[in-house]
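>
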Amino acid sequence: MADSSNSTKINNKIYDQEIVVLRWGHRPQRDARLTTHVALTARALGASGFLLSDIVDEKIKVTIEKVTRNWGGKFFFEMGTPWKKAVSSWKAKGGIVVHLTVYGENIQTSDVLERIRNLRKPIMVLVGSQKVPKEFYSKEISDFNVAIGNQPHSECAALAVFLDRFFEGTELAKDFTKANITVIPQKRGKKTIVKR
Ligand SMILES: C[S@@+](CC[C@H](N)C(=O)[O-])C[C@H]1O[C@@H](n2cnc3c(N)ncnc32)[C@H](O)[C@@H]1O
338 MADSSNSTKI NNKIYDQEIV VLRWGHRPQR DARLTTHVAL TARALGASGF
388 LLSDIVDEKI KVTIEKVTRN WGGKFFFEMG TPWKKAVSSW KAKGGIVVHL
438 TVYGENIQTS DVLERIRNLR KPIMVLVGSQ KVPKEFYSKE ISDFNVAIGN
488 QPHSECAALA VFLDRFFEGT ELAKDFTKAN ITVIPQKRGK KTIVKR
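Using my numbering, the first residue of the sequence shown is number 338, and each one after it goes up by one.
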């Protein structure tokens with residue numbers, strides 16, 4: 338797994354904390370598309386890598402690595418490690434764990450984001466799919482249980498809002514280095530620069 342010791346540089350702004358995302362509970366017959374979307378969201382919105390725990394799905398890995406090759410930036414994709422092992426090695430390297438859950442402290446009405454920032458430690462964000470093990474809520478696993486509002490929605494939406502709050506919107510203007518495809522924003526139509 339990547340070292341839990343990096344900061345995140347978004348253009349000229351440096352955040353002391355790196356973020357990686359762990360997706361738990363992927364069901365091969367059912368969740369491939371959503372897991373892919375969670376990984377793409379992680380990459381596009383400033384996380385430095387993605388762990389698909391417990392399961393190996395080569396197709397998703399190939400898709401994400403292809404997107405990263407074409408669209409640039411640095412992003413790692415790992416899979417198959419049991420979630421407990423991934424969490425304990427992250428913590429052993431000095432990282433903290435933020436579990437996104439509808440039952441957690443509300444990101445808008447509490448100071449949970451400030452407390453996460455104040456620790457200045459690399460963050461592993463846990464998102465579920467099916468019902469997560471009870472242990473996810475415990476202090477042994479999750480340093481914080483964070484709700485993106487206390488209504489149920491989606492792991493993809495929850496992750497997107499968390500990353501956007503954390504990076505204060507700067508991630509939306511991130512320069513992805515070594516891209517083969519770059520979009521030139523237009524009022525209408527589609528314009529890209531494609532490197533051959
Ligand atoms: C579609 S939900 C299913 C949850 C499952 N039915 C349960 O009871 O735990 C899948 C994942 O989305 C995320 N999620 C959904 N709503 C959320 C919210 N309001 N705040 C934070 N995370 C949320 C959580 O990570 C959750 O594990």
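A virtual CB, placed ideally from N, CA and C, is assigned to each residue, including glycine.
So the candidates are Glu355, Asp353, Gly383; which of them puts its Cα closest to the Cα of Val498?
It is Gly383.
> When DSSP builds the beta bridges, which residues end up paired with Ile356?
Paired residue(s): Ile460.
> Cβ of Thr438 within 7 Å of any heavy atom in ligand 2?
The model depicted lacks ligand 2 and carries ligand 1 instead.
> To the nearest angstrom, report how far apart Ser491 and Tyr440 are at their CA atoms.
Cα to Cα, the separation comes out at about 13 Å.
> Return yes when the C-beta of Ile485 is under 7 Å from any heavy atom of ligand 1, and no when it is not.
Indeed, a heavy atom of ligand 1 lies less than 7 Å from the Cβ.
> If you measure from the CB of Gln445, is any heavy atom of ligand 1 nearer than 7 Å?
Not under cutoff, so the answer is no.
> Quick check on DSSP: helix, strand or coil for Lys374?
According to the sequence provided, residue 374 is His. The question's Lys does not apply to it. Helix.
> Where are the alpha helix (DSSP H) runs, 4 residues long or more, that stay fully inside the stretch 416 to 442, in chain order?
If we require 4 residues or more, the alpha helix (DSSP H) runs fully inside the stretch 416 to 442 come out as 420 to 429.
> Below 8 Å, can you find three or more Cβ-Cβ pairs linking the stretch 374 to 392 to the stretch 417 to 436?
Segments in contact, yes.
> In angstroms, rounded to a whole number, what distance separates the CA positions of Lys471 and Val435?
Each residue's Cα considered, the two are about 15 Å apart.
> Confirm the yes/no value for this check: CB of Ala495, any heavy atom of ligand 1, distance under 7 Å.
Yes, since a heavy atom of ligand 1 falls inside the 7 Å radius drawn around the Cβ of Ala495.
> Output needed for Arg502: all residues of its chain with C-beta closer than 7 Å, excluding positions within five of it in sequence on either side, in chain order.
Taken in chain order, the residues that qualify are Ile444, Leu450.
> Is Glu492 near ligand 1, going by C-beta to nearest heavy atom under 7 Å?
Yes, the Cβ of Glu492 comes within 7 Å of a heavy atom of ligand 1.
> In whole angstroms, what separates the C-alpha of Asp353 from that of Met461?
Computed Cα separation, rounded: 14 Å.
> To the nearest angstrom, how far is it from the Cα of Lys515 to the Cα of Lys468?
If you take the alpha carbons of Lys515 and Lys468, they lie about 39 Å apart.
> Should Lys527 be flagged as near chain E, meaning a C-beta pair shorter than 8 Å?
Looking at the structure shown, chain E is missing, and only one protein chain is on hand.
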